[in-house]
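Numbering (our numbering), first residue to last: 2 to 378.
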């Protein structure tokens, strides 16, 4: 298959670099069934093992339960102070609980803290019923959101993470879900750093050990079942950088914490965070045909961040390939090209470049003239 006609604009590429090969840091050995380390700003995976292997997510499921609940709060379908009836199915929930009772009023805010800090299954079911009427309808929302977020190997059967053959996810998908929750609901994310929560005269501690041992860790979620093993999603911020680690199937509670710490330390020590371009910063001016203007400024609608091996930023080069012929009308956000990044002479990433301004269609004479120009191009 032939690619469309492309015009390449050289931005920064030294011929000397083309003869070299990039040296990416080698991650430490991690004792887990699967894992992924994700750079939050750039969404680059920095280390992984079996990242697309389907596994039982256990209570890591509750990240999606929280995502749907936070969405309902944002849409004002529920309120933090709203009192939620406790059904028999919620009261009888298996596994971890916050011990809600039908005769004792409980609010949405209390249930959210129980779900996040105590990993309470009864809280998850009560929230699901408050948001969607019943857990089955809530799970449908969970699966629709998983598709929207691009979680290609994830499927939910319940809101709690209790075992089921058709309830699964992957390290890669869980890292993306964690990043989406932090990005889309920053006002709620601090709940994941709370070390304990007391409800019904019972105080329960957050099971994420790293909240006590690493001051840069501020979340996120633990999980365990016999089949899943010990699982932990951790997020840490050091300076302007945030990393997310997903460790699945470790051998013990202490092991999942130790392996997660190793991943986080590796990522922060071995990589630098670089903001390559600011949002709406023009990175190229591309030729336009049949438009009211002969060119369009192109760039990115959000800041472009990269995670690069320590000391490698000077070895980064880029070209822009413009889709040609580029015909008006063109709208802001429309893809107009591709940025090809090379690191130390080796292909690194491909990123879509979009129009930063509108270019309306030209009048009849302008369009006619450009039609002739294109014929003789």
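Every residue, glycine too, gets a C-beta built ideally from N, C-alpha and C.
In the DSSP secondary-structure assignment, residue 307 is bridged to 275. Contiguous beta strand (DSSP E) elements confined to the region 26-91 occur at 35-40, 45-50, taking only those with 3 or more residues. A direct Cα-Cα distance of roughly 10 Å separates residue 78 from residue 71. Annotation for residue 133: 139, 142 place their beta carbon closer than 7 Å to its own, counting only its chain and skipping 5 residues before and after. Here residue 303 is exposed, its C-beta having fewer than 16 other C-beta atoms within 10 Å. In the displayed model, residue 123 falls within a helix according to three-state DSSP. With a contact defined as Cβ atoms closer than 8 Å, residue 130 and residue 88 qualify at about 6 Å.
A distance below 6 Å between beta-carbons, with the five flanking residues on each side excluded, links residue 248 to the following residues of its chain, in chain order: 33, 36, 233, 257, 260, 261. With a 10 Å radius around the Cβ and a threshold of 16 neighbouring Cβ atoms, residue 153 comes out exposed. Scanning its chain for C-beta atoms nearer than 6 Å, with the 5 sequence neighbours on each side dropped, one finds around residue 52 the residues 37, 172, 173, in chain order. With respect to the C-alpha of residue 75, the residue from 268, 325, 187 having the closest C-alpha is 187. The beta-carbon distance between residue 337 and residue 344, rounded to whole angstroms, is 24 Å. This is too long to meet the 8 Å contact definition. Judged by their CB atoms, residue 329 and residue 363 are nearer to each other than the 8 Å cut-off.
If you check the CB distance, residue 99 and residue 201 come in under 8 Å. Excluding sequence positions up to five before and after residue 333, its CB lies within less than 7 Å of the CB of 356, 357, 358, 359, all in the same chain and listed in chain order. In this structure, residue 66 lies near residue 160, with their beta-carbon atoms less than 8 Å apart. Annotated as proximal: residue 56 and residue 229, with beta-carbon spacing under 8 Å.
Residue pairing for residue 162: DSSP places it in no beta bridge. Residue 197: member of the beta strand (DSSP E) spanning 197-200, first to last residue. In this structure, residue 178 and residue 47 do not form a Cβ contact; the two beta carbons are roughly 18 Å apart against a cut-off of 8 Å.
Your pair residue 265 and residue 244 checks out as a contact, with CB atoms roughly 6 Å apart and the cut at 8 Å. The criterion of a C-beta distance shorter than 8 Å is not satisfied by residue 108 and residue 86.
Looking at the backbone, the Cα of residue 113 and that of residue 319 are separated by about 45 Å. Within the region 168-208, the complete alpha helix (DSSP H) segments at least 4 residues long are 172-185, listed from N- to C-terminus.
Restricting attention to 291, 349, 278, the CA atom closest to the CA of residue 317 is found in 349. In the structure shown, the three-state DSSP call for residue 376 is helix. Straight-line spacing of the CA atoms in residue 351 and residue 58 works out to 31 Å.
The shortest CA-to-CA distance from residue 39 to any of 199, 135, 306, 346 is the one to 306. For residue 211, the enclosing alpha helix (DSSP H) covers residues 211-214.
Between the alpha carbons of residue 41 and residue 242 lies a distance of about 8 Å.
By the neighbour-count criterion, in which 16 or more other beta carbons inside 10 Å mark a residue as buried, residue 165 falls on the exposed side. Looking from the CA of residue 255, the closest CA among 237, 282, 212, 340 belongs to 212. The three-state secondary structure of residue 270, taken from DSSP, is helix. Residue 156 is bridged by DSSP to 169.
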